[in-house]
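So the sequence shown is numbered by the numbering used here: it starts at 37 and just counts up by one. Report on the structure given below.
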Amino acid sequence: MSATWEKFCTDLLEVGKILEDDIVPQDSLTQAEGVRYLSRLLRYATINCVEYTDPRWPQFTSAPNPNMMTKIGADNPDNIYMRANISGKFTYRITGTRGTIPLITFGSRVNRYHIDGTMLQTGDLHIHDVEVDENGRFQFIASVDEPADGAWLPLAPDSNLISVRQTYGDRRAEVPGELSIECLDPDGEFVALTEDEMGQRLDRSIGMLKGSAATFLEWSRDFMPQPNEIFDRGQEQFQKAGGDPTIFYLHGYWKLAEDEAWVIETEVPNCEYFNFVLQNFWVESLDYNRTNIYINNHTAKLNDDGTLTIVVAAKDPGYGNWIDTDSHAEGTWAMRWIKADSHPIPTSKIVKI
């Protein structure tokens with residue numbers, strides 16, 4: 037196993053070369069955040085590739101997890117992300133309590149982050165389509181074959197992941213649902229961990245780390261040439277990375293001088309949820325527990341005519357919804373319309389302050 041561990045450490049060193057890529061800013065903050073980002077991705081990868089790997093005894097883990105500070109791929113500060121490793125050869129029962137969070141969505145996926153940084157959608161289910169009893173409890177089946185009755189999350193034969201998004205409107209007041217998952221037809225007995233299996237798990241964790249880092253580096257590479265511009269880039273890129281099909285995504289890059297503000301104006305569609313999130317170069321949300329780096333439909337202050345003004349700046353400009361750059365001069369951003377009847381594209385401009 038010593039050689040296995042040495043290989044793991046050597047592979048980690050290779051992934052770290054991402055910090056030297058030509059497009060990565062070399063300032064101290066971006067580089068420090070880059071090292072932190074890799075450590076977070078490693079934590080996420082080992083939790084989900086070394087632990088909780090047997091699809092016969094799955095468990096939901098939280099990832100990205102704000103308590104463990106794992107942030108990946110334009111994480112939404114209002115989301116509780118959960119995942120369970122499964123297999124399309126089995127049938128699963130998911131049970132839980134509804135809580136008071138407005139939105140919960142479930143998806144089955146073919147997770148290929150450890151191979152090429154992509155995630156194929158194979159089925160989706162919205163909490164509104166699940167029967168909740170008088171005690172706030174629910175259950176549904178996840179399987180390849182549709183059950184005779186009740187709610188169903190479709191799996192494909194090669195599905196290997198069930199993902200969950202619970203989306204707050206008000207993080208301070210709402211109660212999340214609690215979930216559990218059970219494989220109904222496990223085949224075979226439990227097998228103790230072997231040296232070969234441990235080596236394979238470490239290889240998968242390196243693959244997930246490398247695939248995640250590479251995918252979102254390419255997002256930044258794609259976004260950087262048009263800083264402070266907002267347009268629909270199409271949804272395929274974001275859905276391939278595991279996006280929710282009920283979400284219309286807008287992503288891009290921002291860059292500001294200390295005396296500049298980025299003013300964004302938009303109509304607000306009829307939708308279940310929207311938000312705007314400021315992120316760093318590594319496509320991680322900034323520190324939303326400490327300062328105001330995002331707004332949603334609960335916190336946003338609309339103009340008298342129902343439109344929305346967002347102002348991204350290092351200092352409070354005194355108007356609109358201020359988004360703090362939190363000591364950053366550049367980075368990425370994300371905007372979401374969820375279950376919207378239209379998808380307005382905001383306009384924006386740079387102003388001196």
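For glycine and all other residues, C-beta sits at the position ideal for the given N, C-alpha and C.
- Three-state class that DSSP yields for Met155 in the structure shown: strand
- Query: Going straight from the alpha carbon of Val51 to that of Lys337, what length do you get?
  - Reply: 42 angstroms
- Item | Ile283 vs Pro382 beta-carbon contact at 8 angstroms | no
- Query: Hey, quick one: how far does the beta strand (DSSP E) through Arg417 stretch, first residue to last?
  - Reply: With the chain represented from 37 up to 389, any question about residue 417 goes unanswered, as that position is not in the structure.
- Query: Counting Cβ pairs closer than 8 angstroms, one from the segment 169-179 and one from the segment 81-89, do we hit at least three?
  - Reply: no
- Query: Which same chain residues, not among the five before or five after Asp165, have their C-beta less than 7 angstroms away from its C-beta?
  - Reply: Ala187
- Unbroken alpha helix (DSSP H) runs of length 4 or more, entirely within the segment 39-110: which are they? 64-85
- Message: Please list the terminal residues of the continuous alpha helix (DSSP H) segment that includes Gly243.
- Response: 231-259
- For Asp280, I'd like the list of residues in its chain whose CB is within less than 8 angstroms of its CB, leaving aside the five on either flank, ordered along the chain. A distance below 8 angstroms between beta-carbons, with the five flanking residues on each side excluded, links Asp280 to the following residues of its chain, in chain order: Thr141, Gly143, Asp160, Arg201, Ile374.
- Message: Looking at the ligand ADP, does it come within less than 7 angstroms of Leu161, judged from the CB to the closest heavy atom?
- Response: Among the components of this structure there are no ligands whatsoever, and the ligand ADP is therefore not found.
- Item | Whole-angstrom C-beta distance between Ser256 and Val319, which should lie under 8 angstroms | Contact holds; Cβ gap of about 6 angstroms.
- For Arg134, write down the residues that DSSP places opposite it in a beta bridge. For Arg134, which the question treats as bridged, DSSP gives no partner whatsoever.
- Message: Within 10 Å of its beta-carbon, does Phe226 have 16 or more other beta-carbons around it, so buried, or fewer, so exposed?
- Response: exposed
- Would a C-beta distance cut-off of 8 angstroms place Gly109 and Phe310 closer than the cut-off? no
- Message: Per the DSSP calculation, Phe176 is bridged to which residue(s)?
- Response: Ile130
- Query: What residue ranges within the segment 292-335 form continuous beta strand (DSSP E) runs of no fewer than 3 residues, ordered along the chain?
  - Reply: 296-302, 309-314, 330-332
- Query: Leaving out five residues before and five after Asp194 in sequence, what residues of the same chain have Cβ atoms less than 7 angstroms from its Cβ?
  - Reply: Gly124, Val146
- So, are the CB atoms of Ile198 and Gln95 less than 8 angstroms apart? no
- Query: If we count the other Cβ atoms within 10 Å of its Cβ and call it buried at 16 or more, is Leu229 buried or exposed?
  - Reply: By the 10 Å Cβ count, Leu229 comes out exposed.
- Task: Return yes when the Cβ of Ile151 is within less than 8 angstroms of the Cβ of Gly70, no when it is not.
- Result: Taking the C-beta atoms as reference points, Ile151 is found no nearer than 8 angstroms to Gly70.
- Item | Proximity below 8 angstroms, CB of Ile386 to CB of Ile346 | no
- Query: Whose C-alpha, out of Gln236, Trp93, Arg173, Asp185, is nearest the C-alpha of Gly224?
  - Reply: If we check each option's Cα against that of Gly224, Trp93 comes out closest.
- Collapsed DSSP secondary structure at Lys385 in the structure displayed: strand
- Item | Three-way DSSP call (helix, strand, coil) for His287 in this model | Residue state, collapsed to three classes: strand.
- Between His379 and the rest of its own chain, which residues show a CB-CB distance below 8 angstroms, the 5 nearest in sequence each way excluded? Asp268, Phe284, Pro305, Trp373
- Helix, strand or coil for Gln262 per DSSP? Gln262 falls in the coil class under three-state DSSP.
- Query: Going by DSSP, which residues form a beta bridge with Met371?
  - Reply: Leu286, Phe312
- Count the other C-beta atoms from every protein chain shown that fall within 10 angstroms of the C-beta of Asp340, then say buried if there are 16 or more, exposed otherwise. Classified as exposed, Asp340 has fewer than 16 neighbouring CB atoms from the shown chains inside 10 Å of its CB.
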